[in-house]
Each structure stands twice: as structure tokens, then as C-alpha cells.
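*Asks:* Going down the list, the sequences are from chains A and B.
Under our numbering, the first residue of the first sequence carries the number 1, and numbering increases by one thereafter.
Under our numbering, the first residue of the second sequence carries the number 1001, and numbering increases by one thereafter.
There are 2 protein chains.
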Amino acid sequence: MNLKQLARMLDLSQTTVSRALNGYPEVNEETRRRVMDAAKRHGYRPNPSARRLATGKAGMIGYVLPTGSNVDIDPHFVEFLSGLGDYARSHELDLVLSPAEAGDEETTYRRVAANKQVDAVYVSSPRPKDRRITLLRQLGLPFIVHGRSEELDFAYPHLDIDNEGAFHEAGRLLVQLGHRRIGLINGDDRETFAIFRERGLRRALVASGIELSPMMIRSVVMTEENGYRAARSLLGQEAPPTAILCSSLIMSLGVVRALRDLDLSVPKDVSLVAHDDVFPWLRPENFPVPLSTTRSSIRFAGARIAERLAARISGLEDDPRGEVWPVDLVVRGSVAGAPV
Amino acid sequence: MNLKQLARMLDLSQTTVSRALNGYPEVNEETRRRVMDAAKRHGYRPNPSARRLATGKAGMIGYVLPTGSNVDIDPHFVEFLSGLGDYARSHELDLVLSPAEAGDEETTYRRVAANKQVDAVYVSSPRPKDRRITLLRQLGLPFIVHGRSEELDFAYPHLDIDNEGAFHEAGRLLVQLGHRRIGLINGDDRETFAIFRERGLRRALVASGIELSPMMIRSVVMTEENGYRAARSLLGQEAPPTAILCSSLIMSLGVVRALRDLDLSVPKDVSLVAHDDVFPWLRPENFPVPLSTTRSSIRFAGARIAERLAARISGLEDDPRGEVWPVDLVVRGSVAGAPV
DNA sequence: ACCGACTTCCAAAGCGCTTTGGCTTGGATC
DNA sequence: GATCCAAGCCAAAGCGCTTTGGAAGTCGGT
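#1: Does residue 1216/B pass the burial test, meaning 16 or more other C-beta atoms within 10 Å, or should it be called exposed?
#2: Would you mind stating whether residue 1308/B and residue 1126/B have Cβ atoms separated by less than 8 Å?
#3: Nearest-angstrom Cα distance between residue 1220/B and residue 1247/B?
#4: Go through the segment 160 to 206 of chain A residue by residue and report every complete run of the alpha helix (DSSP H) that reaches 4 residues or more, in order.
#5: Taking all protein chains shown into account, decide if residue 1316/B is buried (16 or more other Cβ within 10 angstroms of its Cβ) or exposed.
#6: Go to residue 96/A, then tell me how far its alpha helix (DSSP H) extends in each direction, as first and last residue.
#7: For the putative contact between residue 1327/B and residue 1162/B, defined by C-beta atoms under 8 Å, what is the C-beta separation to the nearest angstrom?
#8: Per DSSP, what kind of secondary structure is residue 424/A in: helix, strand or coil?
#9: So which residues of chain A does residue 1228/B contact, with C-beta pairs closer than 7 Å?
#10: Should residue 79/A go down as buried or exposed, given a rule of 16 or more other Cβ atoms within 10 Å for buried?
#11: Within the same chain, show all residues whose beta-carbon is closer than 6 Å to that of residue 1187/B, passing over the 5 residues directly before and after it, in chain order.
#12: If we define contact as Cβ-Cβ less than 8 Å, is residue 10/A a contact residue for chain B?
#13: By DSSP, does residue 1143/B sit in helix, in strand, or in coil?
#14: Over the uninterrupted alpha helix (DSSP H) stretch that includes residue 261/A, give me the two end residues.
#15: Distance, Cα to Cα, residue 10/A vs residue 31/A?
#16: Of all the CB atoms in chain B, is at least one closer than 8 Å to the CB of residue 170/A?
#17: Along the alpha helix (DSSP H) that carries residue 276/A, what are the first and last residues, could you check?
#18: Identify the continuous beta strand (DSSP E) that holds residue 1063/B and give its terminal residues.
#19: So which of 1178/B, 1058/B and 1070/B has the shortest CA-CA distance to residue 1340/B?
#20: Applying the criterion that 16 or more other CB atoms from any shown protein chain within 10 Å of the CB defines a buried residue, is residue 1297/B buried or exposed?
#21: Can you give me the start and stop residues for the beta strand (DSSP E) that residue 1152/B sits inside?
#22: For chain B, check one thing: does any of its Cβ atoms lie closer than 8 Å to the Cβ of residue 115/A?
#23: Using 8 Å as the threshold, is the C-beta distance between residue 1117/B and residue 1050/B below it?
#24: Might you give, ordered along the chain, the residues of its own chain that have their beta carbon closer than 6 Å to the beta carbon of residue 295/A, omitting 5 neighbours on each side?
#25: Could you round the C-beta distance between residue 63/A and residue 21/A to whole angstroms and report it? I think they count as a contact, below 8 Å.
#26: Buried or exposed, going by whether 16 or more other CB atoms sit within 10 Å of the CB of residue 13/A?
#27: To which residues of the same chain is residue 39/A closer than 7 Å at the C-beta, ignoring the five residues directly before and after it?
#28: Could you tell me which of 206/A, 66/A, 88/A and 18/A sits nearest to residue 1081/B, measuring between CA atoms?
#29: With a 10 Å radius around its C-beta and 16 neighbouring C-beta atoms as the bar for buried, classify residue 1122/B as buried or exposed.
#30: Taking residue 1034/B as the query, report the chain A residues whose CB atoms sit under 8 Å from its CB, ordered along the chain.
#31: Any beta carbon from chain B within less than 8 Å of residue 50/A's own beta carbon?
#32: When the Cα atoms are used, what is the spatial distance from residue 1183/B to residue 1173/B?
#33: Determine the burial state of residue 1028/B: buried for a count of at least 16 other Cβ atoms within 10 Å of its Cβ, exposed for fewer.
#34: Any residues in the segment 1307 to 1339 of chain B with a beta carbon nearer than 9 Å to a beta carbon of chain A? Which ones, in chain order?
#35: Where do the ends of the beta strand (DSSP E) carrying residue 119/A lie?
#36: For residue 1267/B, which residues from the same chain have a beta carbon less than 8 Å from its beta carbon, with the 5 sequence-adjacent residues on both sides left out?
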């Protein structure tokens, strides 16, 4: 069933039927009802390819996925996707993943924009200087950044969590508990989130006259193994940290293993706080010693971004508004006063 | 730059230019060269929307993503995606994720097929009786199943690993080591993979005259917490297992925690074998006691499925061929003779 | 009775490609 | 020299929608 047939059946022109269905005002209310009715009865659905060719609107949102034989997609992605998908479903929005060679996403963004394959994209894992942002603005492709970049003075649509605030608070807590040497096991420090977290911790320390020495910082890809190695390396120093701040639950698994290997107990010997993105399959309260965390659901972020993308597409949102979510500090058994 | 302009520029008809670019035979080789050349020089790329409307081919592959506020996407998905994406990139194939309400994927499959949004789809987590398979066949939408279903007597394209063989071998090893009570912590037993794994273990036991009692089986969603609970429950029985076979590394984390809580050591008190899908961020050799595993890279599966989907789309593959990969049994420190 | 000004509808021209059904042309065939 | 054929090209008709630029009909105001 296509438009022509439906129109003929109703003894109307395609124009009128099209307008009736798309809510244009220049059609009699009764006619509209008739049309809507017939459309529903016959299960008419406009052909998206045709609509797309005519309007240039795709009705989909996009994501450029960095790939490569040595590139691993972040496991956080799947949680984010759960939220995004859940919202997208309720609005019949599909998501297009366009694989790109890691390092050269630009080509793919250009292709996607030129082909008008999607109406908007979301961008993740931004870096302080991230060319994607200016590129997208220049291409005129609506977007929302999950995270932040310094680009354009932050005047572009984004959604981020308060990474700095989170680690500032966690750091302050540890300082208050008497810790002076606090180790940071961070994610890749070319990414903004990691930089913000480090800054947060540093601020908390400086406020008490403590400096955050580079010796206390490790910046690695967030795997269990790297968490282990970083912890071993931090704790193997002459003046090891008495507390560790860790950027992910997965790495914390490794940290806990390292502590056990070294026969150090949590929190007696070492206090531990980690950032929790809220995975259904790995929960901080189930760590050997319940883990204190800075918590923010990445899934909610996915849903919110989908919502805002939808709003942008339909023109309801068009200011370059940024949104920064506060992060909860959840204190559990893994922190205690610094050992004397 | 569109076809019309390019044609005018070359002083040829659109027909000829189109044919030249698409490799049709009825065009002079020299003309073709001229066309190809000009196209490259001017960076001409046919508009996919238009091509799509004309041909009905989308140039994308699809996946119907079950979603819902209580639905969590499997973390394995991201690894699968890494492989799929890596292959897809090299062939400029995009992937469309169409969110569906979990439980009613059918509506979405129908929509995707009717709209010709994608040229082929892949289907995951099949169940023994899985309506999606007959549905897709009926809709005429090419597909490949990742996993197996009993549907159609297995005569549909699929890629699976030998789950039965894997757990059979693992079970046999444990039996040979003298274990008589072997616990199974499985995934959702409505899914085929879990059924096959159970069957494999049972076969191994039966071969030695041992029965696999329902008391020895737990079937749960694969989270750390469920692994813990299942292990506690298995080990809390009067005649607890002396060995445990676990369907995922993530659950194994919980199992290890449970063992520790119960002051049981691996492998002295309990031997442990898990299935490893090969995550970059969690590796069996890094468990407190290196974990023995049945190993199969889910990432390779993703790449292979992308390859076969591409082949199906271009008509290179069209038999309902099934493909079952053997699984490696990797023995590490977590298994030992049964305690006396 | 005539004139805007609406309201309500329509025919037709896109959107940019593929594909059908010819139309030339030049050489081989008899 | 007439005939046939293949090679190489083209005009135009789709694909199924949206949107432009009217065209009728209605109605109150003068």
C-alpha cells in the first residue's frame, strides 16, 4: 500500500493525503480524520526511503564507531546503549553505527553527513581538543557530545557528569580521614573525563596543602589487568599511597587483586574508592569489601542523550546548551582512616 | 555533484555513466575509464537514498535490539560488535540497530523488512523454538543466526560454537580428575547455548555412570552477583560439588568470591572451569588462581558473521549453511584432583 | 454584484538514482 | 548490396514520497 493507492482509494490527491497525515494545517479536519482512518485501517506506512529522498531526513540517529583489529569497544558502551535504545524505541528511532578506522573518524563523519544518512549523531569520549566538534558544526550535522571538550569554549550541546566534582569530593573525604598519599588510577589521560578527575583530586589535596605527585598517578586503558599493574606499581614505591582512587570498577577488580597479593587489607592498610558507571553485572556492594564509589548511571545518560537528540531533530532544542550532572559519592566499607 | 551533473560534464547520458560506474558490460572500456576517472576526480558518490529508492537495497545490515527499562544488553554484545564493526568498516557497511520492545521483536522485524531498511540482519541469543527464524524466512529477509535453534531442522544460515563439545570436554577432564559431584552454573536455560552446555556436561558424566542431578545445576542471568549466589547455593548443600563449571567469566568473579567467603580454596577444595568469550578487560589468567577455560573469541564470531552477511547480500552465499566452531579447552591452575 | 481573503484541494515538479526498451553504427555474412 | 548482429549509447519511465504554485469554492464586507 503506497500513497498513490491510498489517495485513489479515498478519491483525494496525494498532496492532500500526504498533508493530512503529516499534520499540515491546510486540510479540513474531517478530511484529515477520513485519511487517518483509512491509513490506519489499511496499515499504510510511508516508505522511508522515498520520504528520505524527498525530505533529506533520515529518521535515524548515528554514531561513528571507531574500529580496528586492535581497537576494543569500551564495555561501558553497552550500558549507554541500553539507555539510548530504550528511549529510541519509544520514538521509533533507529541507530546507525558507522564503523570508522580509529584515528580517522573524520572521513566517516563527512560521508555520513554528505549522504544525510542520519539526522543527528552523538559523540563520545571527547578529548580537550577534539576536532570532531568543529567538524560537525561545520558540516551542519546536529550532534550532542557525551562528555566535554574545551573546543568552542564549551558552547556546543553536551551532556557530561561532574567528574571533577566527583573526584574532588572523594579526595576530600580521604584527606579528612587523614590520608596524605593518595594514588590515582585513571583512564586514558588524553580524554577529558580523566583530566577532570585528576584535577578534582588535585584540588582536594591542594586545599590541604598536599601536592599530587606524578608518582601517585597512573593513567591506563581501563582493564582488570591494567588496574592490577597500576596498583602494584603504585604500592611498590618507597612511600606508597594509603588510599587509592580508581576510575572504573573493572580496574578496581585488578586493584583488589593486587592488594590481596601484597597482603594488604582494605580498608585497614589501603582505602579504596572507585567510579561506578552502574553496570548490572558488576556491583560495588558485592566487592569483597563493599566499595565506596562515585556513582553515575551511564545508562541514564544514554537515555537523556537520545531524548535530546530527538528534540534537536524535531527542532525543539537548538541552543548549544550544556548539561552537567552531579555525581553521588557513596561511602561503603572500603574507606577508613589512614593507617598510623 | 550528482549523476546528472557528472553526465553532462562528460557529455554522456546518465544511463551510461550509471552503468559504467556499476560495472555493467554494455559500455566501452575506454568510456568506462573516462567515467571512473572523472567520478574519482570530482569525488562523486552516488546518493544512497536515491539508490535505495531505486533499487530497494539499503547497503546496511541490521540488528533488532531488545530493549526496555528492565532489559540489560549483554556485555558480550560489545565484543561481538568490535569484530563485526571491524569487518564492516572495511566494506563500508553500516549497522542499523533497531530497538524493539523485549518480547515483541516481531513487530520490529516486520517493520524493518517492510521498509527494506537493511539488506540482511543477524540474530542473536536464539532459543530452541525461535519464531524469529521462520519469520525472517517468511519475510524473505536474509539473515544469519549467531547460535542455534532447533527451528527448521537447523537448515538456516548460522554460526555457532560447539557449546556441547566444550562442556563435554571440560566435564570429562573433571571426571578424569576424580570429581563425581560437578556443579553447573549456567546462563539462562531458555537459550540454546545453555541447553547445549548442560547436555555436554551431562554426556561426560553419564559416560562414567554419573548422573547430573538438578541439585547440581543453577541457571541464571550472567552477573557477578548471580554467580556468587549460585555458588553459595550449590556449595551450601549437604553434598556440595567438588568442581564447578561456570558459563561466564563474569559469573566466575562471583563464584570466586563465594569460595573465598566459604574459606574454600581453588583448586584444592573446589576445581573451577569457566567459559571465556575473550574480553580484553577481564582475562582468566589473571584470576587469583589462573582459571581453566573453554575459550572461544566472540569477537571473531562477530567478524565472521559480518563477512557472511556481506556475502549473502552480494549473492555469493545462499545455501542455508551452518557453521560450528570448535572450542579450545585451556587448562590452567584452577583444576586439580578431587579432594579425598 | 463585485472584491479580496480564506479555506480546501489538486496537478505536477522535484529528490537522484536504476533500468527498460530502443536507436545508431559499423562490420561480418551471404 | 542487402541483411543481420553485436556493441555502445540514450531518452524516459519508474521508485514513493514532499512541496510548490496554483485553482476552485466560500463568505463576509461594501
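Just so you know, even glycine gets a beta-carbon here, dropped at the ideal spot from N, CA and C.
Quantities reported herein were computed from a predicted structural model and do not represent experimental measurements.
*Replies:* Answer, in terms of the structure:
#1: Your numbering for residue 1216/B matches position 216 in the second sequence. By the neighbour-count rule (16 or more Cβ atoms within 10 Å), residue 1216/B is buried.
#2: Reading the second sequence from its first residue, position 308 is the one you call residue 1308/B. Reading the second sequence from its first residue, position 126 is the one you call residue 1126/B. Contact: no.
#3: Here residue 1220/B is taken as the residue at index 220 of the second sequence, counted from 1. Here residue 1247/B is taken as the residue at index 247 of the second sequence, counted from 1. So the alpha carbons of these two residues sit roughly 10 Å apart.
#4: 163 to 176 and 192 to 206
#5: Indexing the second sequence from 1 puts residue 1316/B at position 316. Exposed, since its Cβ has fewer than 16 Cβ neighbours within 10 Å.
#6: Here residue 96/A refers to the residue found at position 96 when the first sequence is read from its first residue. From DSSP, residue 96/A is part of no alpha helix (DSSP H) but of the beta strand (DSSP E) over 94 to 101.
#7: By one-based count along the second sequence, residue 1327/B stands at place 327. By one-based count along the second sequence, residue 1162/B stands at place 162. Yes, residue 1327/B and residue 1162/B are in contact; Cβ-Cβ is about 5 Å, under 8 Å.
#8: No answer is possible for residue 424/A: it lies beyond the span of chain A, which begins at 1 and ends at 340.
#9: Here residue 1228/B is taken as the residue at index 228 of the second sequence, counted from 1. Result: 286.
#10: Within the first sequence, the letter at position 79 stands for residue 79/A. Buried, because 16 or more other Cβ atoms sit within 10 Å of the Cβ of residue 79/A.
#11: Here residue 1187/B is taken as the residue at index 187 of the second sequence, counted from 1. Cβ within range, chain order: 1194, 1222 and 1247.
#12: What you label residue 10/A is simply residue 10 of the first sequence in a count that begins at 1. No - not a single Cβ of chain B is within 8 Å of the one on residue 10/A.
#13: Position 143 of the second sequence, counted from the first residue, corresponds to residue 1143/B. In this structure, residue 1143/B counts as strand in the three-state DSSP scheme.
#14: As a working note, residue 261/A is residue 261 in the first sequence. Where residue 261/A is concerned, the enclosing alpha helix (DSSP H) stretches over 249 to 261.
#15: On the first sequence, residue 10/A is found 10 positions in, with the first residue counted as 1. On the first sequence, residue 31/A is found 31 positions in, with the first residue counted as 1. The straight-line gap from Cα to Cα measures roughly 10 Å.
#16: As a first step, residue 170/A is located in the first sequence; it is residue number 170 there, counting from the start. No, because no Cβ of chain B sits closer than 8 Å to the Cβ of residue 170/A.
#17: As a working mapping, residue 276/A is identified with position 276 in the first sequence. Careful: residue 276/A lies outside any alpha helix (DSSP H), inside the beta strand (DSSP E) at 271 to 276.
#18: Walking along the second sequence from the start, residue 1063/B turns up at place 63. Residues 1060 to 1067.
#19: Residue mapping note: residue 1340/B aligns to position 340 of the second sequence, counting from 1. For the residues 1178/B, 1058/B and 1070/B, the minimum Cα distance to residue 1340/B belongs to 1178/B.
#20: Here residue 1297/B refers to the residue found at position 297 when the second sequence is read from its first residue. When all chains shown are included, residue 1297/B counts as buried.
#21: As a first step, residue 1152/B must be located in the second sequence, where it is residue number 152. Per DSSP, residue 1152/B belongs to no beta strand (DSSP E) and is neither H nor E.
#22: Counting from 1 along the first sequence, the entry for residue 115/A is found at position 115. Residue 115/A counts as touching chain B.
#23: Locating residue 1117/B in the second sequence gives position 117, counting from the first residue. Locating residue 1050/B in the second sequence gives position 50, counting from the first residue. No; because the gap between Cβ atoms is not below 8 Å, this pair is not in contact.
#24: As a working note, residue 295/A is residue 295 in the first sequence. Excluding sequence neighbours, residue 295/A sits near 276, 328 and 330.
#25: Translated into the one-based positions of the first sequence, residue 63/A becomes position 63. Translated into the one-based positions of the first sequence, residue 21/A becomes position 21. Going by Cβ atoms, the distance from residue 63/A to residue 21/A rounds to 30 Å, so no, they are not a contact pair.
#26: Numbered from its first residue, the first sequence carries residue 13/A at position 13. When all chains shown are included, residue 13/A counts as exposed.
#27: Here residue 39/A refers to the residue found at position 39 of the first sequence. Once the five neighbours on either side are set aside, the close Cβ partners of residue 39/A are 6 and 21.
#28: Position 81 of the second sequence holds residue 1081/B. Taking only the C-alpha atoms, the option nearest residue 1081/B is 66/A.
#29: Mapped onto the second sequence, residue 1122/B falls at position 122. It is buried - the Cβ of residue 1122/B has at least 16 other Cβ atoms within 10 Å.
#30: Start at 1 with the first residue of the second sequence, and residue 1034/B comes out as number 34. In chain order: nothing, as chain A lies at least about 24 Å away.
#31: Counting from 1 along the first sequence, the entry for residue 50/A is found at position 50. Yes, residue 50/A counts as interfacial toward chain B.
#32: What you label residue 1183/B is simply residue 183 of the second sequence in a count that begins at 1. What you label residue 1173/B is simply residue 173 of the second sequence in a count that begins at 1. Residue 1183/B and residue 1173/B: Cα-Cα distance of roughly 14 Å.
#33: As a position in the second sequence, residue 1028/B is number 28, starting the count at 1. Exposed: under 16 other Cβ atoms inside 10 Å.
#34: none
#35: Start at 1 with the first residue of the first sequence, and residue 119/A comes out as number 119. Premise fails: residue 119/A is in no beta strand (DSSP E) and is neither H nor E.
#36: Here residue 1267/B is taken as the residue at index 267 of the second sequence, counted from 1. So the list reads 1289, 1333, 1334, 1335 and 1336, once near-sequence residues are dropped.
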